[in-house]
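Take a look at the structure below.
Residue numbers (the numbering used here): 41 to 639.
Here it is, written out as structure tokens:
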């Protein structure tokens, strides 16, 4: 940027920079933005003292939002843990596929923003007014359950067309005023609810058309608590879903794992067979029941975590797939679980329930997210237990510095080298600079050092590091497009991903599909670039009609709707583009009719 003032130049987030005179975006000076008053609101919008602006990933252009109603001085972003909106002194706005839109009908002075928002007049789901729901006494119970001063409502969400249906629930003895979730945070999946009199277990139809609240007989709401994985309890009993677990002593009950419990009489595998609770006692010879307990290691400290190691005063045990095996010879006083599979005592190293012969316990070291890799003073090793055997394979790589060797995100490194590990073993990234090696941008796909860009253990040959950008498995620089580590031989001009799930993208030359179904994990050399037949398609406005959870086979441009059939985009005839909505991958509808595979 030759025109930049070096003394005042500074980088900003989201590919912006500025100096005392100008604002820059992706290395280009933006002449129409005021540097002094420029403010980035989020990943979509920015403003200065004259205008608000929108920008998009992989789009080099900044667009002025042409909305004369926006009061720039008071225009700002408002967000909570679930939603983001924008507002000025007059109106509330939201981000849509078409850019910034006014939230019609919302009262900015009294609006309380949340997943379900409310103002003095109405209640909304995102920006959709919920007819019949009153702001009086309104409360969010769960992400799909709300109440006002008169009713309890189930919110049926249709992800395909971004719509909701409000269903009034029959109270059937429920005390509405005191009805609440056992878990108060509506972002956490909540299966249990209570009022001043009862506790209820909830379940939803397979098509999510209705929620049902089933009273748990004789459950005490004051002492009712979650134990974990649909196991609950009160002062008197233990429950699974809405059923009382019979044959378990409440006072001595203890949950170890989601399917493993004990009481004063024994230890049990807890199984659900056709929604019926089955308690299966485990018989372990010479087990000391009173002292039998789990061994906590590392960050695993919640009721829902898998626990593999156990001990009593005599022995150490390893549990996997409901089977408990004694670790023969393990020292109970000095035993330490290092992660979910590795453990050690003063003399030995163990993998699951097996002692590893020939490994030095004093210098033994494992690594977070280790991929079966460990070390001792004599070298690096990898465990192979795919065929029910536990084979120790020594990693034969020269000049590994064991003292500094460590896990680094998707890689390992020491003071000399960076290493990549997959099912084919460990490999050195030749020429990688350890000191400057780091993740590229936010995604764990591409990495870089001062000299190169990497995908897994491969360099991107010929890439221009200064202009390289990445999204998902794609990257681009000023001239080329890359998929994984392969240069595609296509210009990066006007590059944009249309569907990252289907690996469809466009550039100035047309629309393309990446076919890599036959690619081996060792590389991307065999990928195929399939040109998509897109005659008469407007490339600039062409996009996928995705839903909030998946891409679909329907696409659109400024003029038409298209259905993808293999490598062709077929125009959907006689469609009403304004009312057209995608239902799922192949089904859609408009105000006039329904469509299946574009017909």
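Note that beta-carbon positions come from the ideal geometry of N, C-alpha and C, so glycine has one too.
Burial state of residue i, where buried means 16 or more other Cβ atoms lie within 10 Å
| i | result |
| --- | --- |
| residue 153 | buried |
| residue 290 | exposed |
| residue 638 | buried |
| residue 211 | exposed |
| residue 466 | buried |
| residue 227 | exposed |
| residue 250 | exposed |
| residue 619 | exposed |
| residue 230 | buried |
| residue 633 | exposed |
| residue 252 | exposed |
| residue 68 | exposed |
Rounded straight-line distance, which links the Cα of residue j to that of residue i
| i | j | result |
| --- | --- | --- |
| residue 281 | residue 186 | 22 Å |
| residue 222 | residue 334 | 27 Å |
| residue 527 | residue 511 | 15 Å |
| residue 460 | residue 496 | 7 Å |
| residue 622 | residue 57 | 39 Å |
| residue 148 | residue 285 | 51 Å |
| residue 109 | residue 143 | 12 Å |
| residue 54 | residue 569 | 30 Å |
| residue 509 | residue 609 | 28 Å |
| residue 163 | residue 103 | 33 Å |
| residue 624 | residue 549 | 30 Å |
| residue 269 | residue 298 | 6 Å |
| residue 420 | residue 479 | 25 Å |
| residue 216 | residue 246 | 26 Å |
| residue 541 | residue 552 | 13 Å |
| residue 214 | residue 207 | 16 Å |
| residue 19 | residue 493 | No answer is possible for residue 19: it lies beyond the span of the chain, which begins at 41 and ends at 639. |
| residue 342 | residue 294 | In this prediction, residue 342 scores a pLDDT of 46, lower than 50, which makes its location untrustworthy; no coordinate-derived value is stated. |
| residue 615 | residue 601 | 7 Å |
| residue 464 | residue 165 | 49 Å |
| residue 61 | residue 507 | 23 Å |
| residue 388 | residue 399 | 7 Å |
| residue 530 | residue 92 | 34 Å |
| residue 122 | residue 45 | 40 Å |
| residue 564 | residue 556 | A caution first: residue 564 carries a pLDDT of 48, below 50, which makes its placement in the model unreliable, though a value can still be read off. Approximately 8 Å between the Cα atoms of the pair. |
| residue 315 | residue 242 | 14 Å |
| residue 63 | residue 101 | 13 Å |
Proximal residues to residue i (C-beta, below 8 Å), its chain only, five neighbours per side dropped
| i | result |
| --- | --- |
| residue 300 | 307, 308, 309, 310, 347, 359, 362 |
| residue 386 | 371, 374, 401 |
| residue 344 | For residue 344, the pLDDT reaches just 45, beneath the cut-off of 50, and the residue's location in the model is therefore unreliable, although a value from the coordinates is still provided. Here the set comprises 268, 269, 298. |
| residue 139 | 94, 103, 105 |
| residue 260 | 239, 274, 275, 276 |
For residue j and residue i, believed in contact at Cβ under 8 Å, the rounded distance
| i | j | result |
| --- | --- | --- |
| residue 117 | residue 156 | Not quite, the Cβ-Cβ distance comes to about 20 Å (not below 8 Å), so this is no contact. |
| residue 584 | residue 595 | 5 Å |
| residue 641 | residue 332 | For the chain, the structure presents residues 41 to 639; residue 641 sits outside this window and is missing. |
| residue 369 | residue 395 | 7 Å |
| residue 536 | residue 524 | About 18 Å; that fails the 8 Å criterion. |
| residue 446 | residue 407 | 7 Å |
| residue 382 | residue 414 | 7 Å |
| residue 177 | residue 189 | 3 Å |
| residue 59 | residue 74 | At roughly 13 Å, the Cβ-Cβ gap does not stay under 8 Å, so residue 59 and residue 74 are not in contact. |
Proximal residues to residue i (C-beta, below 7 Å), its chain only, five neighbours per side dropped
| i | result |
| --- | --- |
| residue 559 | Its pLDDT being 49, under 50, residue 559 is placed unreliably in this model, and the coordinates cannot settle the point. |
| residue 151 | 132, 157, 159 |
| residue 141 | 133, 134 |
| residue 433 | 421, 422, 424 |
| residue 533 | 547, 548 |
| residue 403 | 416, 417 |
Beta-bridge pairing of residue i - partner residues as DSSP gives them
| i | result |
| --- | --- |
| residue 145 | DSSP lists no partner for residue 145. |
| residue 437 | Answer is none; residue 437 lacks a bridge partner. |
| residue 185 | 182, 194 |
| residue 407 | For residue 407, which the question treats as bridged, DSSP gives no partner whatsoever. |
| residue 478 | 488 |
| residue 303 | 306 |
| residue 312 | 317 |
| residue 414 | 406, 421 |
| residue 50 | 58 |
Residue i: CB within 8 Å of a non-hydrogen atom of the ligand FMN
| i | result |
| --- | --- |
| residue 367 | Looking for the ligand FMN in the displayed structure turns up nothing, as the structure carries no ligands at all. |
Residues near residue i by beta carbon distance below 6 Å, same chain, minus five either side
| i | result |
| --- | --- |
| residue 477 | 458, 489 |
| residue 127 | 118, 148 |
| residue 329 | none |
| residue 635 | 628 |
| residue 47 | none |
| residue 442 | 415 |
| residue 340 | Residue placement at residue 340 cannot be trusted, given a pLDDT of 47 that sits under 50; the coordinates are not used to answer. |
| residue 219 | 235 |
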